[in-house]
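Single-structure report; data block below.
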Amino acid sequence: PRLLIIDTDPGVDDAMAILMAANSPEVQLLGITTVYGNVPTALATQNALRLLEMAGLCGGVMVAQGAARSLKAGTDVERIADFVHGADGFGDVGLPPPRGSHAADVSAAEFLVRSVNAHPGRVTILALAPLTNIAQALMLDPDLGDKWAELVILGGAFFTGGNVNPAAEANIFGDPDAADLVLGCTPRLRVLGLDVTQRCRMTAEELQAMRGVGKYGSFVYDISQFYLNFHRKWYDMDALYLHDPTAMAAVLRPDLFEWRAGAVRVACEGVTKGQTVMDASVRGFHGHNGWADRPQVQVALGVQQQQVVQLIRER
Ligand code: BDR
Ligand code: CA
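Heads up, the sequence shown is in the UniProt record's numbering, so the first residue is 8 and it goes up one at a time.
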């Protein structure tokens with residue numbers, strides 16, 4: 008199996024992605040690193056521990072707590088999406104705290120650096136939240152991007168609108184400076200954003216059908232009701248977006264997506280703060296106006312959504 012580390016802010020759709028990984032023999036989960044986003048970082052850690060306990064993985068899989076603030080936060084408080092995922096990140100269904108497992112005595116960034124260096128070329132990192140931990144890992148070890156097998160990022164909105172402002176997707180908006188740094192570090196990187204994840208949906212009816220099915224069907228059903236209600240109110244649809252599990256599907260089955268190579272930059276301030284811009288021009292702007300030496304990364308612009316949604320439901 009491929010070695011996998013998930014960097015995450017669980018979060019309803021993060022939980023789906025993590026449980027998918029636990030159910031996928033193609034990957035061996037090495038660890039979970041946590042960060043703010045859907046919930047504050049300390050709660051993300053608690054939620055990661057809860058999920059691993061539920062999956063019976065808490066012995067072998069480390070949890071390493073990461074940054075509580077974005078790189079340039081200053082005194083700003085991070086934006087927390089409790090109105091999307093509930094104050095507890097799991098739809099406020101009243102889950103008990105973890106039964107006794109604890110986070111490791113190492114920071115997320117150090118854990119990433121150590122793990123990738125211990126298994127050069129073998130570790131895939133799946134990033135499902137603001138990219139602060141990954142950026143900090145690259146500051147500790149600037150060559151890290153040449154040593155991981157691949158970094159798969161759930162983030163961005165390339166040729167479609169955003170979900171936190173008209174231009175930006177939430178994970179990139181959460182730490183645009185970190186995102187611009189990470190997207191500039193290596194070509195060994197895939198990024199998929201709202202262009203494809205908003206095409207991968209689960210209807211309320213399909214969610215209902217998961218109840219009582221398999222190991223995690225009822226749990227996923229329960230924690231998803233708050234998230235589903237947010238989609239009903241905000242998007243006026245009786246379905247939810249499968250953002251993070253779609254990224255997990257891209258780890259398992261990249262062939263179900265259409266990838267295009269190009270340089271990407273992130274707007275770090277102003278009214279489009281967090282916007283991801285892909286250079287899709289014919290000749291490329293290499294060497295011009297802040298686009299010099301940017302690596303060509305793989306950006307998902309198409310998806311076979313029925314097959315992806317089916318894979319998510321199966322796992
Ligand atoms: C992303 O933001 C978070 O709310 C979700 O968990 C997902 O990672 C979608 O924009
Ligand atoms: Ca997430």
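Note that CB positions come from ideal geometry on N, CA and C, so glycine has one too.
Please state if the CB of residue j and the CB of residue i are separated by a distance shorter than 9 angstroms.
{"i": "Leu50", "j": "Val70", "result": "no"}
{"i": "Phe165", "j": "Thr283", "result": "yes"}
{"i": "Asn54", "j": "Arg322", "result": "no"}
{"i": "Leu58", "j": "Leu138", "result": "no"}
{"i": "Val227", "j": "Met23", "result": "yes"}
{"i": "residue 358", "j": "Gly96", "result": "Residue 358 lies beyond the residue range present for the chain, which begins at 8 and ends at 322; the question has no answer from this structure."}
{"i": "Leu135", "j": "Glu176", "result": "no"}
{"i": "Gln313", "j": "Trp266", "result": "no"}
{"i": "Asn140", "j": "Val42", "result": "yes"}
{"i": "Met255", "j": "Ala28", "result": "yes"}
{"i": "Pro105", "j": "Glu60", "result": "yes"}
{"i": "Val123", "j": "Val130", "result": "yes"}
{"i": "residue 3", "j": "Ala110", "result": "This structure cannot speak to residue 3, because the chain is shown only from 8 to 322."}
{"i": "Thr52", "j": "Ile13", "result": "no"}
{"i": "Thr193", "j": "Asp153", "result": "yes"}
Could you tell me the alpha carbon to alpha carbon distance between residue i and residue j, rounded to whole angstroms?
{"i": "Phe264", "j": "Val84", "result": "36 angstroms"}
{"i": "Leu78", "j": "Gly277", "result": "17 angstroms"}
{"i": "Phe233", "j": "Val19", "result": "9 angstroms"}
{"i": "Asp262", "j": "Leu196", "result": "15 angstroms"}
{"i": "Val271", "j": "Ala185", "result": "13 angstroms"}
{"i": "Val120", "j": "Leu10", "result": "14 angstroms"}
{"i": "Gly297", "j": "Asp16", "result": "31 angstroms"}
{"i": "Cys275", "j": "Gly67", "result": "38 angstroms"}
{"i": "Ala287", "j": "Leu102", "result": "46 angstroms"}
{"i": "Val198", "j": "Val100", "result": "32 angstroms"}
{"i": "Leu308", "j": "Gly168", "result": "14 angstroms"}
{"i": "Ile25", "j": "Pro173", "result": "29 angstroms"}
{"i": "Asp89", "j": "Pro47", "result": "9 angstroms"}
Can you tell me which of the three DSSP states residue i falls into?
{"i": "Ile160", "result": "strand"}
{"i": "Ala74", "result": "coil"}
{"i": "residue 323", "result": "With the chain represented from 8 up to 322, any question about residue 323 goes unanswered, as that position is not in the structure."}
{"i": "Arg9", "result": "strand"}
{"i": "Val273", "result": "strand"}
{"i": "Arg239", "result": "helix"}
{"i": "Ala307", "result": "strand"}
{"i": "Tyr234", "result": "helix"}
{"i": "residue 328", "result": "Any question about residue 328 goes unanswered here, given that the chain covers just 8 to 322."}
{"i": "Met27", "result": "helix"}
{"i": "Gln282", "result": "strand"}
{"i": "Val198", "result": "strand"}
message: Tell me whether the region 246–261 and the region 201–218 touch, counting them as touching only if at least three CB pairs, one residue from each stretch, are closer than 8 angstroms.
response: yes
Practice problem: Go through the region 108–154 residue by residue and report every complete run of the alpha helix (DSSP H) that reaches 4 residues or more, in order. | Solution: 115–125 and 139–147
3-residue-minimum beta strand (DSSP E) runs that sit fully inside the region 245–271, ordered along the chain
246–248 and 264–269
4-residue-minimum alpha helix (DSSP H) runs that sit fully inside the region 48–108, ordered along the chain: 48–61 and 89–92
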